[in-house]
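So the protein lines, in turn, are chains A and B.
The opening residue of the first sequence carries number 1 in the working numbering; numbering runs sequentially from there.
The opening residue of the second sequence carries number 285 in the working numbering; numbering runs sequentially from there.
All residues carry an ideal CB built from backbone N, CA and C; glycine is no exception.
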Amino acid sequence: MASVEDYGDYETAWCPGCGDFNILKALKAALANLGKSPSEVLMVSGIGQAGKLPQYLNCNFFNGLHGRTLPPATAAKLSNHELTVLAVAGDGDCYGEGGNHLIHAIRRNPDITILVHDNQIYGLTKGQASPTSERGMVSKIQREGVFNNPLNPIALAISQECSFVSRGYAGDVQHLTELLIKAIRHRGLSLVEVLQPCVTFNKLNTFKWYSNRVYKMEDGEYPLDDRVKAFERSLEWGDRIPLGIFYVNERPVLEDNHEVLKEAPLIRHKPQTEKVNGLIDGFM
Amino acid sequence: MGSVLSKSLLNSGFYVFSTQYYLSRIRGGHNTFQIRISDSELAAMGEDVDILIALDRASIDRHLGEMSDGVVIVDRDVVELDKEHDSIFHVPLLKIAKDVGGNKIYTNTVAAGAAIGLLCLSLDSLNGVLTSIFKKKGQEIIDNNLKVAKAGYDYVRENYPHGCKFNVSLPEAQEKRMLIAGNEAAGLGALAAGVQFLSAYPMTPSTGVLNYVASHAGEFGVVVEQAEDEIAALNMALGASFTGARSMVTTAGGGFCLMVEALGLAGITETPVVIFLAQRPGPATGLPTMTEQGDLLFALHAAQGEFPRCILAPGTPDECFYMMAEAFNIAEKYQIPVFVMSDQYLADSLFTCKRFDASKITVERHLLSDQELRTKHGDYRRYKFTPGGISPRALPGQEGILVCADSDEHDEFGHIDESQENRIRMMDKRMKKLELLATEMKPPKIYGSHDAKLTLIGWGSTYGPLAETVDILTKEGHSANLVHFNYIYPMPAESIHKALAKSKKKICVENNYTGQLARLLRTEAGIEMSDKILRYDGLPFTPASIVEALREKGVI
Ligand SMILES: Cc1ncc(C[n+]2csc(CCOP(=O)(O)OP(=O)(O)O)c2C)c(N)n1
């Protein structure tokens, strides 16, 4: 059995009090609870404070490029579907630089879990607006305040029939752990959008700001495969912000669509070089 | 019709070379399909036309000037002509198609029959090809095709003065050969090399490789993913490769522009990948359906920073086949990105080749087994410092170890380390691999005599036209040879010096504006060219065009 200790304890480059610490804690607890050993787990991340998370976790990781978390994660799963693949990204990473990949990952539906640390700001580059920043938020670039409408990732994911759509909060480790367990267990693409206060650069969306607003949706409030109800719920943002699972949709999974993956993971297939002779004959 | 005729002539025992000219649109515009045949090896187009099958006015307006003592087959009931020319020969293609086959769709087959007639060959081979390609469509379609081909053939024999024109005799029977395009050969090479994962975004002229591999993916156990863009394509290939799949991407210059970021990621994470890069004229969208060798220095320098890479450039389909497989082995041995550079000319032309020998291909993975990991690698380090710079490669999922890769500078374990000491050691480790790789790169091929006074120098797809130019020059009494590069980077400088030691005049011949190989030879091997012949109009070289350029420059 795996334990939280198996996942290590590293020194981090995060600011004291950062929401990322709690996400890391929840993730370790979830993986241990699921009994996953570190060598079974592959974390794929992009660049940003969020993207550094795999550095602080004892497991396999591929820390790639800013915004490019999902393509390598998807392909890693295709080439060895026995691995538990998680993609970790920031809101800039997943919704800004990598927005296109998110849309297409939802369409493909590989069995991976996307964990987005949404601090509504660019942390690593010191405080520019992100796709989820509130309108009016002032930064060194957005001097008159953000003009663009914030992206609603939950609504976007539901609208595209993402297989599992949820929202957690870095201020509630217990709840986030439970969400992560369900998300990782779910077969298909799971989005776990995590509200994560950035204590250094985001003076608007603080722990206090979130704590005053978030509430947990009750189990069974509506059938989770009811897309319209889920969509309605996803629009709720303001004085009250719902946490929990919004939508679950058992869609066909990308890996299952490949006949060759049925017997064994792709990487265990032997090359079929001798079959080439038959093809060569066709050119004679 | 072009490919049917090509295949028939191949089956009759000829060496066949075919190439297409088309514009970037789905229908319409001026298109040509050219076939050249010979009883000896052939890998280039000529400029004279002996038989022109003109299906529209534009074909006549544009190509009549290329006829010397040839024949233009044209259906004057369909194509209105305002000029007369000795070579024009009316064949009622449409009428025969309708009368004999019952449908105008047979027009092309009538024309093919007519062409065989003019060559004074028998119909057997054409009949064989028609029978096999229409097998799926049923006996009636086969019969109709055979009937109309014969009717076209008979029309020529009855109406052309003396019954036929060219009096071509069949070559002596030889071993059977293949007729194959560069793209198909590259796809075959990838399959033979055991490719497991291919991600790509379609772009001419590379799409043929993607299509070819995709069409056999099920049978060979390949996962083919059409990515949302080239950024995703190469990032996917890296994810798949990191986890252990033999991975490649196919693209053209414009798509490769988007891959540049991920190329650097392959560099710093030392993730093997094969990049099949089929060039076309740029910049930007350029001439989408034409040819150029304009991306060599781009491939060499793409991405920020410095890291090892390898560039291979096959010149013929058989080289595409074998080099594709070599590319995978190099990529995995050195854990680097390897380019296989082709271009539209090589990608789409049909060449006659000796049968490929798949048994010559080996699949070398350079992966640590579970056993090796247990016995030798207690604390596994993905980026272990080694004398040659190559670290042992294990895969995530192998028990008892962790595999960590990072795009940030990292230590031996893959953890971020920004210290100067570590940076220097890691850079040295990665770059060191080039030294060993350079010794594995094969020297340029020498075609013709080894101590010629005039040396033509080329790379990749220009091999055919250049080799034939050497033949022409030699026949004319010049002392000429070709030094041709397929293994481009890292350059084996010593063997290049050897190959060029005796030549007095070095003329670089390239399908680009700036002479990119010439630049590379100067910077990497310190070799200066005497002159350059450069073509950048979107078309490939013909031997005649090279000879003419040599005359113009006063070289011969
Ligand atoms: C191609 C590219 N563009 C820009 C950057 C600079 N950059 C690094 S992280 C980042 C944004 C980080 O924001 P987010 O993804 O929200 O993560 P956070 O740091 O807030 O956790 C940017 C713009 C980069 N590394 N690569």
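By the three-class DSSP mapping on this structure, what secondary structure does Ser287 (chain A) have? Shown here, chain A extends from 1 to 284; a query on residue 287 (chain A) therefore has no answer.
Endpoints, the alpha helix (DSSP H) within which Pro749 (chain B) is located: Tyr747 to Lys759
What number of angstroms, rounded off, separates the C-alpha of Leu718 (chain B) from the C-alpha of Ala327 (chain B)? 33 Å
Run through the DSSP bridge pairs and tell me what Arg167 (chain A) is partnered with. A:Glu193 and A:Gly244
Between Pro827 (chain B) and Ala498 (chain B), what straight-line distance do the alpha-carbon atoms span, to the nearest angstrom? 35 Å
Roughly how many whole angstroms lie between the Cα atoms of Gly295 (chain A) and Ile154 (chain A)? This structure leaves residue 295 (chain A) out entirely; chain A is present only between 1 and 284.
Is it buried or exposed for Gly742 (chain B), if we count other Cβ within 10 angstroms and need 16 for buried? buried
Quick one: which chain B residues come within Cβ less than 8 Å of His269 (chain A)? Gln480 and Gly505
Apply the 10 Å Cβ neighbour rule to Ile708 (chain B) and answer buried if 16 or more other Cβ atoms are within range, or exposed otherwise. exposed
Secondary structure of Pro131 (chain A), DSSP reduced to three states: coil
Residues of chain A with CB under 7 Å from Lys419 (chain B), in chain order? What Lys419 (chain B) touches in chain A: nothing, since even the nearest Cβ is about 13 Å away.
For the beta strand (DSSP E) holding Tyr210 (chain A), just list the boundary residues, first then last. Here Tyr210 (chain A) belongs to no beta strand (DSSP E); instead the alpha helix (DSSP H) covers Phe207 to Ser211.
Terminal residues of the alpha helix (DSSP H) in which Thr807 (chain B) lies: Gln800 to Ala809
Would you mind listing the beta strand (DSSP E) stretches within the region 484-548 of chain B that are 3+ residues and don't spill past its ends, in chain order? 507-510 and 531-536
How about Val624 (chain B) and Pro598 (chain B): do their beta carbons lie closer than 8 Å? yes
Can you find a heavy atom of ligand 1 that lies under 7 Å from the Cβ of Leu542 (chain B)? no
By the 10 Å Cβ neighbour count, where 16 or more other Cβ atoms means buried, how is Glu512 (chain B) classified, buried or exposed? buried
Selected residue, minimal CA-CA separation from Ala587 (chain B), among B:Ala550, B:Asn613 and B:Asp602: B:Ala550
DSSP on Val146 (chain A), reduced to helix/strand/coil? coil
Going along the region 470-498 of chain B in order, which residues come within less than 7 Å of chain A, judged by CB to CB distance? Leu472, Leu475, Ala476, Gly478, Gln480, Phe481 and Ser483
Contact list for the region 683-700 of chain B against chain A, Cβ threshold 9 Å: Glu683, Gly684, Ile685, Leu686, Val687, Cys688, Ala689, Asp690, Ser691, Asp692, His694, Gly698, His699 and Ile700
What residues in its chain sit with their C-beta under 7 Å from that of Asn844 (chain B), if we drop five residues either side in the sequence? Shown here, chain B extends from 285 to 840; a query on residue 844 (chain B) therefore has no answer.
Kindly indicate if chain B contains any beta-carbon less than 8 Å away from that of Glu250 (chain A). no
Option in B:Ile426, B:Ala783 and B:Ser531 with minimal Cα separation from Leu494 (chain B): B:Ser531
CB of Asp359 (chain B) to nearest heavy atom of ligand 1: below 7 Å? no
Gln423 (chain B): buried (16+ other C-beta within 10 angstroms of its C-beta) or exposed? exposed
Within the 8 Å Cβ cut-off, does Gly123 (chain A) reach chain B? no
Tell me the rounded alpha-carbon separation between His585 (chain B) and Leu766 (chain B). 27 Å
Determine the contact status of Pro592 (chain B) and Met725 (chain B), defining contact as a CB-CB distance below 8 Å. no
If we call anything under 8 Å between Cβ atoms a contact, is Val146 (chain A) one with Gly168 (chain A)? no
With a threshold of 8 Å on Cβ separation, who are the neighbours of Ala524 (chain B) within its own chain once the five nearest residues in sequence on each side are excluded? Gln480, Phe481, Ser483, Val507 and Ser531
Is there a Cβ from chain A that is less than 8 Å from the Cβ of Thr527 (chain B)? yes
With DSSP as the reference, identify every bridge partner of Asn60 (chain A), one or two as the case may be. A:Leu42
Does any CB atom of chain A fall closer than 8 Å to the CB of Pro445 (chain B)? no
Within 10 Å of its beta-carbon, does Tyr670 (chain B) have 16 or more other beta-carbons around it, so buried, or fewer, so exposed? Just to set this straight, residue 670 (chain B) is Thr in the shown sequence, not Tyr. That one is exposed.
Applying a beta-carbon distance threshold of less than 8 Å, which residues of chain B neighbour Ser3 (chain A)? Under the 8 Å cutoff, chain B gives no residues; its nearest Cβ is about 16 Å from Ser3 (chain A).
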